[in-house]
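Asker:
Numbering (full-length UniProt numbering), first residue to last: 1 to 643.
1. So the beta strand (DSSP E) residue 446 belongs to, where does it begin and stop?
2. Is DSSP giving residue 133 helix, strand or coil here?
3. Below 6 Å CB to CB, which residues in the same chain sit around residue 412 once its five sequence neighbours on both sides are set aside?
4. Restricting to Cα atoms, I'd like to know which of 431, 203, 605 and 240 is closest to residue 248.
5. Applying the 10 Å Cβ sphere with the 16-neighbour rule, what's the burial state of residue 627?
6. What three-state label does DSSP hand residue 597 in the structure shown?
7. Report the partner residues of residue 456 according to the DSSP bridge assignment.
8. I'd like the list of long-range same chain contacts for residue 644, defined as Cβ closer than 7 Å, with 5 residues on each side in sequence excluded.
9. Along the chain, where does the alpha helix (DSSP H) containing residue 351 start, and where does it finish?
10. Between 517, 128 and 579, which lies nearest to residue 532 when the distance is taken from Cα to Cα?
11. Short of 8 Å in beta carbon distance, which residues of its chain neighbour residue 168, apart from the five on each side in sequence? Order them along the chain.
12. Using the rule of at least 16 other Cβ atoms within 10 Å of the residue's Cβ for burial, across every protein chain shown, is residue 69 buried or exposed?
13. Which class does residue 266 belong to by DSSP, given the choice of helix, strand or coil?
14. Is the segment 390-408 touching the segment 334-353 in the sense that three or more CB pairs, one from each, lie closer than 8 Å?
15. If you pair each beta-carbon of the segment 593-608 with each one of the segment 157-177, do three or more pairs fall below 8 Å?
16. Ends of the alpha helix (DSSP H) at residue 538?
17. Return the CA-CA distance between residue 489 and residue 469, expressed in angstroms with no decimal places.
18. Would you kindly work out how many angstroms separate the C-alpha atoms of residue 383 and residue 263, rounded to a whole number?
19. Just reading off the alpha helix (DSSP H) that residue 183 is part of, what are its end residues?
20. In whole angstroms, give me the CA-to-CA distance for residue 623 and residue 374.
21. Taking DSSP as the reference, what is the three-state secondary structure of residue 528?
22. If contact is defined by three or more beta carbon pairs under 8 Å, each pair taking one atom from either stretch, is the segment 473-493 in contact with the segment 505-523?
23. Given that a residue counts as buried once 16 or more other Cβ atoms are within 10 Å of its Cβ, and exposed if not, what is residue 352?
24. I'd like to confirm the pairing. Which residues does DSSP put opposite residue 394 in its beta bridges?
25. So that I know if they touch, is there some Cβ in chain D lying closer than 7 Å to that of residue 463?
26. Can you tell which of 358, 424 and 345 has the C-alpha that lies nearest to the C-alpha of residue 370?
27. Relative to the C-alpha of residue 300, which candidate in 271, 548, 535 and 284 has its C-alpha closest?
28. Give me the residue from 540, 523, 238 and 295 with the minimum Cα distance to residue 457.
29. Under 6 Å Cβ to Cβ from residue 497, same chain only, skipping five residues before and after it: list those, please.
30. Straight-line CA distance for residue 62 to residue 106?
31. What residue range does the alpha helix (DSSP H) around residue 413 cover?
32. May I ask you to report which of helix, strand or coil DSSP gives residue 93?
33. So, with DSSP's three-state summary, where would you put residue 304?
34. When the Cα atoms are used, what is the spatial distance from residue 620 to residue 568?
35. For a minimum of 4 consecutive residues, which ranges assigned as the alpha helix (DSSP H) are wholly contained in the segment 544-627?
36. I need the straight-line Cα distance from residue 538 to residue 367, nearest angstrom please.
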């Protein structure tokens with residue numbers, strides 16, 4: 001992939017970064033170095049103690065007393081008539097004390113120090129008799145004790161909260177044997193992806209399926225946080241892969257540690273980790289997921305320590321220091337990043353009873369409501385220091401997309417009571433339809449990008465999620481436009497299907513143009529890749545749920561077959577670099593979102609509607625289902641709509 005490594009491809013999805021071996025920390029070497037250092041530290045302490053004894057023991061030939069000055073105490077003069085020598089208003093008192101007692105005290109201290117030295121020397125000798133492996137084992141035992149103590153300290157019990165009414169978390173098996181067979185095929189693909197990650201990348205963030213080793217990107221910092229495990233949990237659960245789910249739960253319980261010196265993307269960690277852990281908690285009821293989600297959320301809060309309360313893009317999980325991406329306009333935060341926290345943070349406040357999370361996201365909303373918007377559009381960049389917009393670039397694809405999605409989903413998740421969010425969504429969609437949505441010469445409806453007063457007639461794969469969003473938001477739209485927005489969703493779905501159908505592999509490119517005679521086709525080489533993205537399939541699923549038009553299942557099956565044919569390798573699934581080539585090269589990355597989103601949406605597409613029904617569940621932008629909340633009786637405050 002030729003996309004510059006640090007440039008984002010999306011708010012919904014920051015860049016897949018294909019790092020070489022040099023990007024991975026040499027954990028074993030680091031461990032050996034730290035163990036040697038600890039051992040040397042212990043031995044040097046012993047030696048210092050021994051030598052110190054000889055140099056610093058008091059010498060009775062030079063000093064008459066080893067008394068720490070306690071026998072000659074200066075006492076304020078009160079009465080000189082009963083003996084004692086007057087010295088400037090103070091008495092020198094106690095010089096006639098028994099010196100024998102001081103010699104005994106001195107001898108006792110000497111004997112104690114000698115005994116301590118002998119004991120230390122014996123322990124040092126015993127240490128040196130042990131093998132290197134035994135010493136390492138002892139060091140590891142001490143480390144584990146410290147880790148367990150920290151875990152106990154962090155694992156404060158959370159208040160009991162009544163779970164929302166959870167409907168449709170199992171089954172959904174279709175009666176039609178043909179549809180059932182397709183659903184089983186998707187489940188088999190999930191098993192292939194998981195089993196290979198389990199074998200070759202376990203504990204790493206992602207998998208390199210051809211090299212058969214772990215993979216990571218800069219969005220996860222320099223630590224191995226098991227992103228694929230957390231991202232895949234709810235997919236495993238709804239597919240009935242419970243043994244695999246338990247494997248993931250066990251790893252999370254024992255290994256998922258957020259007290260690491262690692263700089264991570266606030267947005268990506270929120271949607272993948274907090275979203276994934278919350279969904280796993282709601283589906284399974286296992287407390288460990290809720291506890292881990294709350295621990296991680298606490299590590300993200302320092303990112304909000306800016307003059308405006310708009311969070312930094314990145315935060316160090318250990319130090320709490322935040323900063324923005326170097327490439328972002330004038331040091332700005334990104335709309336799709338700081339605008340894609342609401343769902344998860346409201347659930348955190350619901351589960352903990354702590355309004356801090358809710359207040360953080362509501363503060364962002366209030367600030368945005370006060371700001372002027374050019375042509376009613378939200379620019380993608382906002383400076384967290386000044387509170388001013390950066391360059392006037394508006395997109396429903398990368399950098400902007402999930403902000404609009406979360407306005408709609410905030411309303412849905414509140415059981416349609418958060419009218420403030422609904423109004424913001426409706427206003428934004430009207431401006432988008434007026435300024436960004438156009439029809440090509442060939443009749444294809446597309447969503448362009450607004451750049452400094454000019455419409456760029458290009459649409460990204462990421463933008464294809466909007467078809468599903470328009471359908472999801474149709475019911476409840478103003479001016480009785482439900483039919484209009486359902487139709488708009490269908491037109492976007494058709495355009496995105498064309499972007500797949502006009503390639504050699506029947507898989508969609510990263511971006512496609514509508515210029516001149518070129519329609520729904522990628523022009524640049526660095527836009528021809530497919531990295532297992534879910535957005536087109538996501539729209540097929542929403543359109544199927546709202547229309548039951550069989551073409552959406554047919555289009556989904558075409559994509560399933562193409563992924564299985566061209567992206568499947570013996571070690572998992574890989575993205576491809578050119579969807580127009582009959583013999584494409586692989587990018588050798590199995591993205592965590594492939595298991596979280598792409599395969600989940602395909603499985604749901606071939607399931608009955610009673611599996612995760614949309615009246616009861618709202619999917620975050622990483623496809624993690626969170627239940628609708630009836631917030632009237634919760635501790636949340638601030639927005640009258642929630643009271």
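For glycine and all other residues, C-beta sits at the position ideal for the given N, C-alpha and C. Since the structure is predicted, the reported quantities are computational estimates derived from the model, not experimental observations.
Answerer: Taking the structure as given:
1. Here the question's residue 446 lines up with position 446 in the chain shown. Where residue 446 is concerned, the enclosing beta strand (DSSP E) stretches over 445-447.
2. For the purposes of this step, residue 133 is taken as the residue at position 133 of the chain shown. Three-state DSSP puts residue 133 in a helix.
3. Your numbering for residue 412 matches position 412 in the chain shown. Here the set comprises 618.
4. As a first step, residue 248 must be located in the chain shown, where it is residue number 248. Comparing Cα positions, the closest option is 203.
5. On the chain shown, residue 627 is found 627 positions in, with the first residue counted as 1. Residue environment for residue 627: buried (at least 16 other C-beta atoms within 10 angstroms of its C-beta).
6. Within the chain shown, the letter at position 597 stands for residue 597. In the structure shown, the three-state DSSP call for residue 597 is helix.
7. In the chain shown, counting from the first residue as 1, residue 456 sits at position 456. Beta-bridge pairing links residue 456 to 449.
8. Residue 644 lies beyond the range of the chain shown here (1 to 643); nothing can be said about it.
9. The residue you call residue 351 lines up with position 351 of the chain shown. Residue 351 -> alpha helix (DSSP H) spans 342-352.
10. If you number the chain shown from 1, residue 532 lands on position 532. Minimum Cα-Cα distance from residue 532 among the listed residues 517, 128 and 579 corresponds to 579.
11. Along the chain shown, one-based indexing puts residue 168 at 168. Counting only Cβ-Cβ distances below 8 Å, and skipping sequence neighbours, we find 610, 611, 612, 613, 616 and 617.
12. Taking the first residue of the chain shown as 1, we reach residue 69 at position 69. Because the pLDDT at residue 69 is just 35, under 50, the model does not fix this residue reliably, and the value given afterwards should be weighed accordingly. Exposed, since its Cβ has fewer than 16 Cβ neighbours within 10 Å.
13. For the purposes of this step, residue 266 is taken as residue 266 along the chain shown, with counting starting at 1. Reduced to three states, the DSSP call for residue 266 is helix.
14. Yes, since at least three Cβ pairs between the segment 334-353 and the segment 390-408 fall closer than 8 Å, the two stretches touch.
15. Contact between the segment 593-608 and the segment 157-177 is present, because at least three Cβ pairs lie under 8 Å.
16. Locating residue 538 in the chain shown gives position 538, counting from the first residue. Segment 535-547, the alpha helix (DSSP H) holding residue 538.
17. By one-based count along the chain shown, residue 489 stands at place 489. By one-based count along the chain shown, residue 469 stands at place 469. Near 7 Å, if we compare the C-alpha coordinates of residue 469 and residue 489.
18. Within the chain shown, the letter at position 383 stands for residue 383. Within the chain shown, the letter at position 263 stands for residue 263. Taking the straight line from one Cα to the other gives about 20 Å.
19. The count along the chain shown starts at 1 and reaches residue 183 at position 183. Segment 177-200, the alpha helix (DSSP H) holding residue 183.
20. As a first step, residue 623 is located in the chain shown; it is residue number 623 there, counting from the start. As a first step, residue 374 is located in the chain shown; it is residue number 374 there, counting from the start. If I take the Cα positions, the gap works out to 31 Å.
21. Position 528 of the chain shown holds residue 528. Coil, per DSSP.
22. No, the segment 505-523 does not touch the segment 473-493.
23. Indexing the chain shown from 1 puts residue 352 at position 352. With 16 or more other Cβ atoms within 10 Å, it is buried.
24. Within the chain shown, numbered from 1, the residue matching residue 394 stands at position 394. According to DSSP, residue 394 bridges with 450.
25. No chain D is part of this structure, which consists of one protein chain only.
26. What you label residue 370 is simply residue 370 of the chain shown in a count that begins at 1. When C-alpha distances from residue 370 are compared across 358, 424 and 345, the shortest belongs to 424.
27. Here residue 300 refers to the residue found at position 300 when the chain shown is read from its first residue. With distances taken between Cα atoms, residue 300 lies closest to 271.
28. Residue mapping note: residue 457 aligns to position 457 of the chain shown, counting from 1. Per the Cα distances, 523.
29. Counting from 1 along the chain shown, the entry for residue 497 is found at position 497. Around residue 497: 555.
30. Numbered from 1 along the chain shown, position 62 holds the residue referred to as residue 62. Numbered from 1 along the chain shown, position 106 holds the residue referred to as residue 106. Bear in mind that the predicted position of residue 62 carries a pLDDT of just 37, short of 50, making it too unreliable to give a figure here.
31. In the chain shown, counting from the first residue as 1, residue 413 sits at position 413. Start and end: 401-413.
32. Numbered from 1 along the chain shown, position 93 holds the residue referred to as residue 93. Caution applies to residue 93, whose pLDDT of 44 falls short of 50 and renders its modelled position unreliable; the value that the coordinates give is listed next. Residue state, collapsed to three classes: strand.
33. Counted from its first residue, the chain shown places residue 304 at position 304. Residue 304: helix per DSSP, three-state reduction.
34. Position 620 of the chain shown, counted from the first residue, corresponds to residue 620. Position 568 of the chain shown, counted from the first residue, corresponds to residue 568. Those two C-alpha atoms are separated by around 27 Å.
35. Within the segment 544-627, the complete alpha helix (DSSP H) runs of at least 4 residues are 550-566 and 599-605.
36. For the purposes of this step, residue 538 is taken as the residue at position 538 of the chain shown. For the purposes of this step, residue 367 is taken as the residue at position 367 of the chain shown. Rounded to whole angstroms, residue 538 to residue 367 spans 31 Å at the Cα level.
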